[in-house]
Amino acid sequence: GHVYYFKKTEDQDQFEDLVKQVKESLSANDQILLKGSNSMNLAMLVESLENETK
């Protein structure tokens, strides 16, 4: 597997980079576990991934 690190600070938000990397890394039947705080906007990532499959 791979480990990626994305920052979200007052000066830097790499959320779009995170979304892009996750989408590029997933295959058709992959399952993922997302763990993080609400401040990381992981719900937005889930929504983006769900919209990708519709």
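Numbers given in the numbering used here equal positions in the sequence shown, counted from 1, plus 8.
Ideal Cβ positions, reconstructed from N, Cα and C, are used throughout, including at glycine.
TODO: Give me the Cβ distance between LYS31 and GLN22, rounded to the nearest whole Å; I'm assuming they're in contact under 8 angstroms.
DONE: Incorrect: roughly 14 angstroms between the Cβ atoms, too far for contact.
Open item on the list: Along the chain, where does the alpha helix (DSSP H) containing LEU26 start, and where does it finish?
Closed with: 23 to 33 is the span of the alpha helix (DSSP H), which, as asked, contains LEU26.
Task: Closest residue to ASN49 among VAL11, LEU26 and GLU60 (Cα-Cα distance) - done: Selected option, being the one with the closest Cα: LEU26.
- [ ] Note down the Cα distance separating HIS10 from ASN59, rounded to an integer number of angstroms.
- [x] Near 24 angstroms, if we compare the C-alpha coordinates of ASN59 and HIS10.
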